[in-house]
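Going from the sequence shown to this note's numbering is simple: count from 1 and add 221. Built from N, CA and C at the ideal position, the CB exists for glycine as well. Presented below is the structure to which this report refers.
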Amino acid sequence: TVEKIRRNGGTAIAVETDVSDAIEIDALARRTEDEFGGADILVNNAAIYPYGPWDAADETEWEKVFAVNVTGYWLCAKAVKDQMIRRGGGSVVNISSITFFVGTENLMSYVASKGAVVGFTRALAREAGEHGIRANAIAPGAFPTRATDIHPDQDKLWSDTLNGQAIKRRGRLEDVANAVVFFASDASSFVTGQTMLVDGGTFLH
């Protein structure tokens, strides 16, 4: 990704970071300020995705899912808050999931964490709005990623996905990227606290 950005004339760095570790997150925020003068946009996308019956996981796995999928988002937002305020505001885009809206089986800890992301997004939007910071969430449907690769029956996964969608094609990663760009840009300057479903019309509301 970094090389692609650079080839197209942009500037980018990659910093390996454990988003559940506040010390590493603070170091990442300082690096961002040193390299780019601060953050205007934060996209929280890190997640872990354990698959299996709800009662088969142990407490350690459950807590790890929430540490990455929820606490990590909160830590990142806290770390860049002051930078965004100094720069006149900013946009936080949190990646949730369609699984929260449908209660997907064998993904309980993930589903619960993605529901928490929706709640976090709404609360952040309410509290940070006075500082010019917007917060929105995106809930993607099923996309061909490493996460969906863990499903044991791929044919059934994609058949069920297409049958449930109003738009009868597989989602492309660009579909999610375009939604991120919308929320990150001034095109959504009067939108905050919202969750956009990018799922081909699986869940209609």
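Residue i - DSSP class collapsed to helix/strand/coil
i, result
"Thr222", "coil"
"Val412", "coil"
"Gly422", "coil"
"Asn430", "The structure shown does not extend to residue 430, since the chain is modelled only from 222 through 426, so no value can be given for it."
"Gly230", "coil"
"Asn384", "helix"
"Lys389", "coil"
Range covered by the beta strand (DSSP E) that runs through residue i
i, result
"Asn357", "354 to 361"
"Leu263", "262 to 265"
"Ser334", "Where Ser334 is concerned, there is no enclosing beta strand (DSSP E), although the alpha helix (DSSP H) it sits in stretches over 329 to 349."
Contacts around residue i, its chain only, beta-carbon distance under 8 Å, and the 5 residues preceding and following it disregarded
i, result
"Ile234", "Val223, Arg252, Glu256"
According to DSSP, residues forming a beta bridge with residue i
i, result
"Ile246", "Paired residues: none, contrary to the question."
"Met417", "Ile359"
"Ser312", "Ile262, Arg355"
Boundaries of the alpha helix (DSSP H) in which residue i is found, first to last residue
i, result
"Ile306", "293 to 307"
"Val401", "394 to 405"
Closest residue to residue i among the options (Cα-Cα distance)
i, options, result
"Lys335", "Ala387, Asn315, Glu348", "Asn315"
"Val412", "Arg343, Ile226, Lys299, Gly422", "Arg343"
"Gly414", "Ala356, Pro373, Val301", "Ala356"
"Thr366", "Asn327, Leu249, Phe403, Leu394", "Leu394"
Contacts around residue i, its chain only, beta-carbon distance under 7 Å, and the 5 residues preceding and following it disregarded
i, result
"Ser317", "Lys335, Val338, Val339, Ala358, Ile359, Ala360, Thr416"
"Cys297", "Val240, Ile246, Leu263, Asn265"
"Gly310", "His352, Gly353, Ile354"
"Gly385", "Thr423"
Cutoff 6 Å; reference residue i; Cβ partners in own chain excluding five residues on either side
i, result
"Ala397", "This sequence places Val at residue 397; Ala is not what is there. So the qualifying residues of the chain are Pro361, Val419."
"Val313", "Leu263, Ala298, Ala356"
Any C-beta of chain C under 8 Å from that of residue i
i, result
"Ser241", "This model lacks chain C altogether, as it is built from one protein chain only."
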